[in-house]
Every structure is written in C-alpha cells, then in structure tokens.
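Below: the structure, in structure tokens.
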Amino acid sequence: MANPIWHNIHPEFKLNGIPYSHAELWEVGYSLVKEGSTFESSMGDFLLDWLSGNPILEVFTSGSTGAPKKIHLKKKHMVNSAKATGQYFNLDAGRTALLCLPFSGIAGRMMLVRAMVLGWQLDYVEPTSTPLSHTNKPYDFAAMVPLQVQNSLEQLGQVRTLIIGGAPVNAALKKNLDTLGTNCYETYGMTETVTHIAIKAINGPEGSDFFKTLPGVNISKDERECLVIEAPAIAAEAIVTNDLVDIVSENTFQWLGRFDSIINSGGIKLVPEQIERKLAHLMNSRFFVAGEPDEKLGQRLVLIVEGKYDVKQLLQEIKSLETLQKFQVPKVVYCVPKFIETKTGKILRSETQELTYTV
C-alpha cells in the first residue's frame, strides 16, 4: 500500500541545515516535545501529528473575528496548498526560507509543510516581534505578521520574497515598504482555506490594490456582496465569507471590508474599512472607526485613535478632506492609550472600543 501523500518528505528538505527523512523527522518531533522550548514543543507535537497516518489535522481559528473554533483540515489539502504557493512564487526545491511564526496558528504550520513538500532549506527561530534581529542570513522566502515587518524594516533586505498576513497592512507600513528591494505581498486567507488563497503585491512594479487568486481557486459573491470561495484542492465545500469584495475578473478581487462591521447610521450603510482608507494619510498612529448607539441615528460614526491627539484639530482636518462624504465624517473622536490586540498584532476592535466607555 502506497504511503499517504503527506508522508512524502522531499529529499532536498532541510531543517536548520540538517536533512531529514520521514523516519528521522519522527525522532526530531519526539525530541522537541520532550526537550524543546514551548515553541519547539508545539512544533514537535505538530510533526508527530503530521507524520501519523491520520488524514485529518485538528486546528483552531485565530479568534480575531469571534471566539476561536475547532476545525478539521485534511492533510492532503495542506499539501495542495503548499504546492500552489510554490507554483505562484516559483519557489522550487533548494530555496531557503525562514520560519518565525508561532505554531499556534495555521500560518506557522504551513511554513513547515511547504518546506517538507517543496524541498526548502528551512531555518526556524523563536517567534518574536523582531525575527531578524539575531540572524544576518539571506532567505528566499519568509512569512511575517505586520508587527514583525514594522520592527524589521532595516533587516528586510535579507529576505527576497515576503508574505505578510494575520492582520491588514496599513498605509504607513505600505509606504515604508515602497523603498525596499524585498518583494512584499499581502495575503488573503483564513484557517478554513489552509492560509492564503489570494495574494496582493504591495510594492515594486506589480504593486496593486487587488488580490489575485492562487491556482485552482474560483471566486464569486453571494447576495450580501460577500466573497464565496470554491477551491476543491484545499476545501471540500464552498466557503462563504463575511468579506465584502469587488470582483474585478475571474481571479482578481478588491477587499472592501467586513459585512459584520457595517455601521447603519440614519439608514446609511457605512463600511468602516473604506472610511479608514480615506483617513489613513492623516494619522500617525493606529486607529479605526466604529459605530456606537445613538438615539436619533441608531448608530453614530466614531473614530478611535491610539495615543494622544488634538481632537478638535483632527476633526477639522477630517472635515476638510475632499474624498470624504459628509456622512463619513466621525461625530466623535476617542483617544485610547493602548489598543487591545491579538498575538499577531491584529486590533481587537470590540474590546478596544469598550475602553472608550471610560474615556
């Protein structure tokens, strides 16, 4: 009987410079569980699970848009996802890659899967907010969250191709990446789609506002104008998202915002992310807009900023923006000392907004 597809470790695969076969990786996993750090122990658990005969992997969603939930992924789908990424970026065997993401999420696990499937030479480091601070090695490929990228701008020249996920890439960070030689891409995806199913070039000649889907991914919209993903190679059923999109072509779309974050103010539906894009160049710290209860409007639009601002002056600058319609101007500005966020640096909007109740 043939080995399961996920047991086929590429002969050129190396982990921290050492080649391993399937049998040898089992020993590595066992050793990491028993003797490794917390991060290494998580990697060891994953390796033992991956190398088993069970075709299903149990994972948890990030919890950034709701409570984390347990889902089951097919290992063959994870293999297919790895191959799609390799095909999209033309990353064949022998390429060097850096793993600097935690193993608690799908993104870190998929970096190891890609390396095993595609034959990469993968180095791993303890996940920190400054992943390149202790290495000067060059890498063909790496994946980071925006916080790691922001803290690594001076060292990013070590990475040829960088994918950024886990949280949206804000306008300030995009501007910083414009001058770098690293090819930077924002990813669109979720645990249910085995990480990314679409890529958007951030800088360089390919820089764009649009996501382009990976091979084998079909997209459409439902009656709410939200994205529907059909990708048989990575998901058994169609995935209906809560992401409002504009579909430009059969493999290209623009992300507009979240359906579940729409603000109904006096009968006008406001999409926070669209307004935030218009405000971005005015702000020098993190911010977001939200709705709060209002007797006349049902909900009124408010702006929540991190740090201290001259609120009166900021509102005057916002009102003078020609790109902003009158109903898109926030009624109130709240200043919050520190936003509440996930481990990957994604802002937890509801929890942060609760802080304004005491401001």
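Okay, so the sequence shown: first residue is 1 according to full-length UniProt numbering, each after it adds one.
Beta carbons: idealized from backbone N, C-alpha and C, even for Gly.
- Within the stretch 4 to 90, the runs of alpha helix (DSSP H) that reach at least 4 residues and sit entirely inside it are, in chain order, 22 to 35, 38 to 50 and 75 to 89.
- Per DSSP, reduced to three states, the secondary structure at residue 234 is coil, with no helix or strand assignment.
- Cβ-Cβ separation between residue 257 and residue 273: approximately 3 Å, consistent with a contact (criterion under 8 Å).
- The alpha carbon of residue 175 has as its nearest neighbour, out of 149, 167 and 158, the alpha carbon of 149.
- Residue 109 is positioned such that its CB atom lies no closer than 8 Å to that of residue 141.
- Remark: three or more beta-carbon pairs, one from each stretch, lie closer than 8 Å, so the stretch 229 to 237 and the stretch 79 to 97 are flagged as touching.
- Its chain contains 228, 229 and 230 as the residues whose beta carbon lies nearer than 8 Å to that of residue 238, once the 5 sequence neighbours on both sides are disregarded; these appear in chain order.
- A check of alpha carbon separations from residue 318 across 329, 308 and 310 identifies 329 as the nearest.
- 8 Å or more divides the Cβ of residue 84 from the Cβ of residue 111.
- The C-alpha of residue 351 is placed about 35 Å away from the C-alpha of residue 75.
- Looking from the CA of residue 46, the closest CA among 29, 61 and 114 belongs to 29.
- Excluding its 5 nearest sequence neighbours in each direction, residue 48 has C-beta neighbours in its own chain below 8 Å: 26, 29, 30 and 33, listed in chain order.
- Proximity of the stretch 182 to 199 to the stretch 159 to 168 meets the contact definition, three or more beta-carbon pairs being nearer than 8 Å.
- Take residue 42, set aside five residues on each side of it, and the residues of its chain with a beta-carbon closer than 7 Å to its own are 103 and 104, in chain order.
- Residue 271 has its alpha-carbon roughly 15 Å from the corresponding atom of residue 280.
- According to DSSP, residue pairing for residue 226 in a beta bridge involves 244.
- Between the C-alpha atoms of residue 316 and residue 282 there is a straight-line separation of about 11 Å.
- Per DSSP, the continuous alpha helix (DSSP H) segment holding residue 115 begins and ends at 106 to 118.
- Assignment of residue 103 by DSSP, reduced to helix, strand and coil, places it in the coil class.
- For residue 224, the number of other beta carbons within 10 angstroms of its own is below 16, and it is reported as exposed.
- Boundaries for residue 202: no beta strand (DSSP E) harbours it, and the DSSP string shows neither H nor E there.
- By the neighbour-count definition (other C-beta atoms within 10 Å, threshold 16), residue 127 is a buried residue.
- In summary, residue 22 is exposed, with fewer than 16 beta-carbon neighbours lying within 10 Å of its beta-carbon over all protein chains present.
- Taking the C-beta atoms as reference points, residue 235 is found no nearer than 8 Å to residue 212.
- Taking the CA atoms as reference points, residue 24 sits about 12 Å from residue 7.
- In this structure, the beta-carbon distance from residue 13 to residue 119 falls below 8 Å.
- Ranked by Cα distance from residue 335, the first of 299, 325, 289 and 134 is 289.
- Pairing residue 179 with residue 137, the inter-Cα distance amounts to about 21 Å.
- Around the CB of residue 243, 16 or more other CB atoms lie within 10 Å, so the residue is classed as buried.
- Judged by beta-carbon spacing, residue 298 lies within the 8 Å limit of residue 265, meaning their Cβ atoms are closer than that value.
- The shortest C-alpha to C-alpha distance from residue 202 to any of 195, 171, 194 and 191 is the one to 171.
- Listed in chain order, the beta strand (DSSP E) runs fully inside the stretch 130 to 214 are 139 to 144, 159 to 164, 183 to 190, 195 to 201 and 211 to 213, counting runs of at least 3 residues.
- Cβ-Cβ distances below 6 Å link residue 147 to 129 and 345 in the same chain, with the five nearest sequence neighbours on each side left out; the list follows chain order.
- The three-state reading of DSSP puts residue 265 in strand, counting E and B together.
- Beta-bridge annotation (DSSP): residue 221 is paired with 227.
- Remark: C-beta atoms of residue 219 and residue 116 do not approach each other more closely than 8 Å.
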